[in-house]
């Protein structure tokens with residue numbers, strides 16, 4: 009009998025549990041370790057932050073679904089991974105032995121790296137977690153009673169820019185609905201070298217599409233921006249030239265702000281030599297496998313991926329849902345092969361698909377593969393994107409509640425975009 013342990017129950021971890029379960033032999037066992045027992049659909053957090061969704065709309069209680077699938081579950085969280093002894097230490101002191109470990113923790117949010125950043129003692133909001141989005145919605149409600157400047161964006165080292173653009177446009181749409189848009193100057197502050205870079209050096213015409221959308225909505229922007237500190241009602245931003253030298257230091261006022269932070273690896277793995285890089289992300293080969301600890305795989309945001317090219321201000325590489333899905337499928341296939349004496353040679357395609365909702369429209373793109381140069385490099389915009397994202401949310405949540413493993417994002421590509429299965 010082999011014991012497969014999955015660390016984390018976010019998008020990657022839950023889908024991995026379903027897919028790996030299907031690949032196990034009858035005598036094998038699978039356990040998911042997570043802090044908490046509820047899955048949240050993170051792409052809906054921008055909607056939660058303006059009260060277009062509630063917590064209940066986007067959460068799933070995992071224990072009964074896992075039990076039905078024969079997946080064991082530990083909801084107390086992990087304190088430390090011990091790869092030398094093939095064990096995960098839980099927060100309650102117990103040790104869980106594993107034969108194969110799949111790390112799917114997602115990131116730790118590095119709010120503390122910038123003074124005054126973040127919802128925990130800082131002055132900016134976040135949509136990275138539903139526990140952030142709900143208080144952000146309350147702050148937004150208070151702001152609307154006395155509107156003023158808004159700053160939304162992503163700080164240096166961030167690696168997930170799509171939600172910042174989404175929330176910017178969703179807030180703009182909501183302000184128009186409330187008929188107070190004329191009282192709210194809006195500024196987008198980002199570490200990207202240009203609007204629409206997305207950590208991917210752009211996809212199709214994302215630069216033109218997003219710049220045009222922001223001009224139409226009278227939204228100003230600051231690119232190549234480093235946030236130095238945040239105080240109540242004021243953000244100090246250093247704008248740099250292409251060579252990294254300081255162009256200007258600006259003090260930007262705000263009444264409401266949401267800034268995405270940089271990510272780092274979680275404490276349970278951070279600092280483990282040969283398992284993680286200096287930021288705590290898991291080092292993997294093309295088969296999602298750690299080169300040193302061959303029985304450890306990693307998927308999702310916790311995976312170390314080098315930036316596509318240097319930028320004046322550090323920009324990380326996003327791990328989109330489609331990319332994570334391909335990591336999961338490769339990992340499940342590889343573990344299934346190893347259990348049967350085969351070779352772990354499956355590789356993720358690492359393609360990217362994004363539906364960036366603007367509240368009443370949006371921008372969509374496909375990057376195949378995610379890192380350029382690409383075989384497919386496409387982007388488009390329109391009201392259909394908003395409806396497509398709503399449809400995908402409902403479909404995805406229904407499948408997750410059913411406990412079924414399915415290539416969700418691949419299906420979206422084929423059904424919504426009308427494109428045949430993407431292969432490298």
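In the working numbering, the protein residues as written are 9 to 432.
Even glycine gets a Cβ: it sits at the ideal position worked out from N, Cα and C.
Using the C-alpha atoms, what's the distance from residue j back to residue i?
i: residue 82; j: residue 39; result: 7 Å
i: residue 183; j: residue 29; result: 46 Å
i: residue 33; j: residue 80; result: 16 Å
i: residue 50; j: residue 138; result: 7 Å
i: residue 440; j: residue 323; result: Since the first residue shown for the chain is 9 and the last is 432, residue 440 is missing from the structure and cannot be characterised.
i: residue 207; j: residue 316; result: 8 Å
i: residue 66; j: residue 254; result: 42 Å
i: residue 343; j: residue 37; result: 13 Å
i: residue 105; j: residue 204; result: 44 Å
i: residue 167; j: residue 361; result: 16 Å
i: residue 280; j: residue 11; result: 22 Å
i: residue 348; j: residue 45; result: 32 Å
i: residue 174; j: residue 196; result: 11 Å
i: residue 22; j: residue 257; result: 44 Å
i: residue 27; j: residue 414; result: 8 Å
i: residue 394; j: residue 178; result: 10 Å
i: residue 237; j: residue 74; result: 43 Å
i: residue 191; j: residue 263; result: 11 Å
i: residue 185; j: residue 152; result: 12 Å
i: residue 385; j: residue 219; result: 18 Å
i: residue 213; j: residue 250; result: 21 Å
i: residue 298; j: residue 189; result: 50 Å
i: residue 382; j: residue 215; result: 17 Å
i: residue 124; j: residue 404; result: 36 Å
i: residue 278; j: residue 98; result: 15 Å
i: residue 47; j: residue 327; result: 18 Å
Please state whether the Cβ-Cβ distance between residue i and residue j is less than 8 Å.
i: residue 111; j: residue 310; result: yes
i: residue 56; j: residue 160; result: no
i: residue 232; j: residue 107; result: no
i: residue 350; j: residue 337; result: no
i: residue 17; j: residue 340; result: no
i: residue 211; j: residue 171; result: no
i: residue 286; j: residue 118; result: no
i: residue 199; j: residue 234; result: yes
i: residue 363; j: residue 370; result: yes
i: residue 52; j: residue 401; result: yes
i: residue 289; j: residue 308; result: no
i: residue 376; j: residue 335; result: no
i: residue 329; j: residue 19; result: yes
i: residue 225; j: residue 180; result: yes
i: residue 43; j: residue 85; result: yes
i: residue 366; j: residue 387; result: no
i: residue 3; j: residue 127; result: Coverage of the chain is limited to positions 9 through 432, which leaves residue 3 absent and any answer about it impossible.
i: residue 145; j: residue 59; result: yes
i: residue 271; j: residue 115; result: yes
i: residue 346; j: residue 354; result: no
i: residue 314; j: residue 87; result: no
i: residue 320; j: residue 399; result: no
i: residue 267; j: residue 396; result: no
Assign residue i to one of three DSSP states: helix, strand, or coil.
i: residue 140; result: helix
i: residue 52; result: helix
i: residue 243; result: strand
i: residue 217; result: helix
i: residue 70; result: helix
i: residue 105; result: strand
i: residue 224; result: helix
i: residue 131; result: coil
i: residue 13; result: strand
Give me the DSSP bridge partner(s) of residue i.
i: residue 117; result: 271
i: residue 86; result: 98
i: residue 286; result: Answer is none; residue 286 lacks a bridge partner.
i: residue 265; result: 159
i: residue 254; result: 248
i: residue 234; result: 246
i: residue 148; result: Partner(s): none; residue 148 has no beta bridge.
i: residue 260; result: 243
i: residue 111; result: 15 and 306
i: residue 123; result: 237
i: residue 80; result: 39
Going along the chain, which unbroken runs of the beta strand (DSSP E) with 3 or more residues stay wholly within the segment 152-207?
Fully enclosed beta strand (DSSP E) runs of 3 or longer: 158-162 and 194-198.
In the segment 326-409, which residue ranges form an unbroken alpha helix (DSSP H) of at least 4 residues, counting only runs that do not cross its ends?
Note on the segment 326-409: whole alpha helix (DSSP H) runs with a minimum of 4 residues are 329-347, in chain order.
In chain order, which alpha helix (DSSP H) runs of at least 4 residues are fully inside the segment 18-65?
Those alpha helix (DSSP H) runs which fall completely within the segment 18-65 and span 4+ residues are 19-31 and 53-56.
Give the list of continuous beta strand (DSSP E) stretches no shorter than 3 residues that lie fully inside the segment 286-326.
304-306
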